[in-house]
Every structure is written in structure tokens, then in C-alpha cells.
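Protein chains: 2
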Amino acid sequence: MRADAQRSYDRILAVAGDVFVEQGTNASMNEIAKRAGVGAGTLYRHFPDREHLLDVLLKDWVAQIQAAVDQTLAAGLPPRELLITWFEAVVRHISVHRGGAARLTAALGNTASMVDKWQGLATANQSVLRHLEARGAIRGGADTIQICRLVGGVAAVADAGGLLRDDTRDLLALIADGLLVAPAAALRCP
Amino acid sequence: MRADAQRSYDRILAVAGDVFVEQGTNASMNEIAKRAGVGAGTLYRHFPDREHLLDVLLKDWVAQIQAAVDQTLAAGLPPRELLITWFEAVVRHISVHRGGAARLTAALGNTASMVDKWQGLATANQSVLRHLEARGAIRGGADTIQICRLVGGVAAVADAGGLLRDDTRDLLALIADGLLVAPAAALRCP
DNA sequence: CGACGATACGGAGAGGGTTTCCGATTTTGC
DNA sequence: GCAAAATCGGAAACCCTCTCCGTATCGTCG
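In the order they appear, the protein sequences are chains F and S. If you read the first sequence in full-length UniProt numbering, its first letter stands for residue 1, the second for the next number, and so on. If you read the second sequence in full-length UniProt numbering, its first letter stands for residue 1, the second for the next number, and so on.
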């Protein structure tokens with residue numbers, strides 16, 4: 001790629017990230033082009049449409065998820081808190097811009113093109129699950145992708161409905177309780 | 001309302017239902033007006049914007065939910081199957097048109113305008129929960145609205161991601177397991 | 001029945017968004 | 001430095017939402 005083209009590409013990406021965070025995934029492409037100081041033609045040559053642009057951005061963001069896993073595991077929390085904390089981290093990560101969670105979640109499991117996009121999310125989630133399995137804290141039979149979908153669903157709802165942090169946490173707790181070896185019931189047998 | 005106005009109103013509503021089912025909730029308003037045989041002005045006088053039109057349509061659909069409850073309860077299923085069947089009914093109902101599930105779920109709990117729209121859903125869900133509570137099959141602490149949100153999230157994901165029926169069922173089963181009193185755990189009590 | 005005010009209609013058009021196209025401009029290799 | 005190739009910018013074609021207003025229809029009252 002020619003040097004000036006690379007500059008345009010990078011600047012568009014940086015600006016698009018900002019604009020999508022500010023205005024959601026339906027922000028005007030013209031606005032992005034203008035703020036990046038390029039013409040519309042330039043924007044569209046690099047990214048044929050909005051989806052391509054979002055693809056690249058989401059890929060970057062999801063890549064950061066592995067860092068969140070390590071951090072979560074290192075905290076040494078008990079199973080239920082660990083799971084909830086991890087889910088909260090996922091929601092936070094994939095909700096970077098309004099509409100992003102819904103788009104990403106919709107793509108989960110699409111064998112089509114964006115395999116690599118959610119792959120990072122899936123393997124990160126997998127490692128948390130394995131950590132809990134090793135401690136016998138988790139019920140069998142739940143597929144990683146399915147769990148990602150559920151958490152993604154919560155993220156999408158939280159995002160679209162403007163849910164408060166506590167409400168979101170409650171939803172994630174419900175999911176966690178479904179996965180764990182019934183902790184609530186255990187409490188009831190002293 | 002004048003007789004001709006009523007005719008227009010009804011025809012727009014009928015056509016909009018069809019178009020939204022065919023093309024999703026982002027279908028062109030012009031298209032709806034054209035198919036209904038009215039001008040754009042007429043459409044917008046009756047329904048100031050797309051949301052109003054969707055509101056009226058969704059309200060109708062949600063109203064049918066109570067019927068689904070009665071039917072589900074009457075089937076006399078064991079708790080887990082009852083819950084899953086009910087959740088499936090909800091998903092089916094609120095996914096009538098593409099994008100509908102996401103919109104409805106986003107509105108859940110919005111004290112703003114569409115209270116009456118999700119009210120039906122919430123009370124229907126409540127009656128299923130009470131039925132299960134009465135049998136001691138359910139864990140306490142889960143709010144009806146929260147559960148509706150979770151199920152709505154699944155519906156939105158299933159809708160947007162084109163999930164298969166079995167995948168959707170798995171997700172709903174996970175939620176159900178989080179709500180039910182887990183019999184397995186009881187075994188581990190000393 | 002006929003006519004008049006109220007009500008409703010339709011479609012042109014303003015405003016804004018996406019995407020394409022191509023002449024002008026910049027970069028690069030030689 | 002020069003020409004070819006790559007890239008740029010923004011005008012313009014196209015579609016969408018929503019508004020405005022002259023025209024047509026309805027309902028009622030004399």
C-alpha cells in the first residue's frame with residue numbers, strides 16, 4: 001500500500017472508532033470522512049461499506065478480550081463471582097459502541113466470513129469455563145458458543161435498552177446460576 | 001374519525017404488518033405507503049413515525065401472549081419443560097418480524113411511553129412463574145422483568161443471527177436451569 | 001338536496017444519508 | 001525529474017424520511 005493510502009486508512013479507522021463510540025454504529029459515514037479529513041471516495045475505497053469498517057474495529061476490540069481473561073482469572077474469586085465478573089467484562093468489551101454488541105452477537109456462529117472475529121471471544125470464554133470445570137464448579141453440557149450468545153444477548157439488550165449496571169449484573173447472575181453447580185441450593189443446606 | 005380516514009388507517013396497518021414481516025422493521029415507509037395505496041402524507045398523519053407504527057403492531061401481537069400462557073399451563077408439563085415451552089412461545093411471539101424482538105426488548109422497563117406494550121408480556125410471565133412457585137420448583141429472587149429481558153435477549157439474538165430452533169431451545173434451557181431449584185445439588189448436602 | 005366548513009388526501013420537495021465515478025493530484029520507481 | 005500508477009476529493013445520482021400545502025372528500029345543517 002502506498003504511504004499516503006496507509007495514512008488515510010489509519011486515520012479513518014481511528015476517527016471511525018471515536019465516532020461510533022460517540023454516536024453508535026449508525027453514525028453518518030460522511031461525518032467520519034469529514035472528521036478524518038478525507039473525501040467520501042477515499043473512505044469507501046478502503047472500506048466498501050459500513051460493515052467492513054465495523055468488522056475491522058470489532059476485530060481489534062475483541063482481540064483485547066484475552067487480556068481481560070487473564071486479569072479476571074488472576075483475581076482469585078470464588079466461582080460465582082468469577083463467572084459474573086468475567087461476563088461483565090465481556091459485556092463491557094463488546095459494548096464499546098452502541099449497536100456493536102448486537103452486531104457481534106448476531107455474527108456469533110456464522111460460519112461465513114467473520115469466524116476470526118468471534119473466535120477470540122469464544123476461546124477466551126472457553127478458558128474461563130475450563131478453569132471452573134477443573135474445580136468441579138460447573139455443570140456439564142453447556143456449549144461455549146451458546147454461552148457467548150447468551151452473554152451477547154444480555155449485552156445487546158443492555159445496550160439497546162440503556163440498562164443500568166446493576167440490572168445487567170442481575171441478568172448475568174441468572175446466567176451464571178444456570179451454569180454453576182447450584183450454589184443457591186447449596187446455601188440452603190447448612 | 002372520518003370514515004375514509006379509518007379505511008386508510010386500517011389498510012396501512014395491515015400492509016405494514018405484511019411488509020415488516022417480509023423485510024424487517026427497517027422496511028421503507030414509502031414502500032408501505034405505496035402498497036397501501038396512500039400518499040406519504042397520509043401515512044405520516046396517522047403514524048408520526050416508524051416507531052408509532054411498530055408500537056401499534058407490537059401491541060396487537062403481545063396481546064396474543066396471554067392466550068399462549070393459558071395454553072402452556074394447560075399442557076401439564078413438568079417444571080423444566082413447562083418453563084422452556086413457555087419461553088419458546090414468547091420468543092416465537094415477539095419475533096414476528098425481523099428486528100421486532102430487539103425493539104420490544106429494548107423497551108422493556110422503559111417507564112416512558114410503551115408501558116402497556118410490555119405489560120402484557122410481564123404479567124403473562126408472572127403467571128407462569130407463580131404457577132411454578134406454588135409447586136416449589138423455582139428459586140427465589142428473580143424479577144419478572146429481568147427474566148423477560150433475558151428471554152427477549154435470546155429472541156433478539158436468535159432473530160438477528162438466524163439461529164436454528166434447537167440452538168434457541170438450548171439457550172432457553174440454560175436460562176430455565178438458572179431459575180429452577182436444582183435437584184442435583186440437594187444430593188450433595190451432608 | 002345543496003352547499004359549506006371541517007377533515008383528510010397525495011405527492012412534490014427539502015434535507016440528509018449512502019455510494020459511485022472520474023478528473024485532478026500525489027507518490028513511486030527509474 | 002518524469003511518466004506511469006496509485007490515490008484522492010467531492011460532485012452527483014439515488015434513495016429515504018418527513019413536511020407542507022393545494023386539492024378532494026366527507027358530513028352536516030339549512
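The beta carbon of each residue, even a glycine, is placed where N, CA and C say it ideally should be. These figures come from a predicted structure and were not determined experimentally.
Residue pairing from DSSP places F/L180 in a beta bridge opposite F/I138. Positions of the alpha helix (DSSP H) runs, each at least 4 residues long and wholly inside the UniProt domain "HTH tetR-type" (6-65) of chain F, are given as 29-36, 40-46 and 50-63 in order along the chain. Under the three-state reduction of DSSP output, S/L83 falls in the helix class. F/A75 sits away from S/A102, with the two beta carbons spaced by 9 Å or more. The C-beta of S/Q126 comes no closer than 9 Å to any C-beta of chain F.
The shortest C-alpha to C-alpha distance from F/G161 to any of S/H131, S/E31 and S/L150 is the one to S/L150. S/R169 sits in a helix when the DSSP states are folded into three classes. No Cβ-Cβ contact shorter than 9 Å links F/G153 with S/A14. By the criterion of a C-beta distance shorter than 8 Å, S/V128 is surrounded in its chain by V69, T72, L73, L82, L83 and W86, once the five residues flanking it on both sides are discounted. In this structure S/Q6 is exposed. Its beta-carbon is surrounded by fewer than 16 other beta-carbon atoms within 10 angstroms. At a cut-off of 9 Å between C-beta atoms, S/R139 counts as an interface residue with respect to chain F. Within the same chain, no residue comes within 7 Å of S/D49 by CB-CB distance, once the 5 residues on both sides are set aside. If you draw a 10 Å sphere on the C-beta of F/H97, you find 16 or more other C-beta atoms in it, and that means buried. When DSSP states are grouped into helix, strand and coil, S/H97 belongs to the coil group. Contact check between the stretch 51-59 of chain F and the stretch 132-151 of chain F: fewer than three CB pairs, one atom from each, fall below 8 Å, which does not count as touching.
Of the residues assessed, F/L121 falls on the buried side of the cut-off, its CB having 16 or more other CB atoms within 10 angstroms. In the three-state scheme derived from DSSP, where H, G and I count as helix and E and B as strand, F/L163 is classed as coil. Near chain F, meaning a CB-to-CB distance below 9 Å, the residues of the stretch 87-110 of chain S are A102, R103, T105, A106, A107, L108, G109 and N110. Taking a beta-carbon distance threshold of 9 Å, S/G178 counts as an interface residue toward chain F.
Rounded to the nearest whole angstrom, the CA to CA distance from S/F47 to S/H93 is 23 Å.
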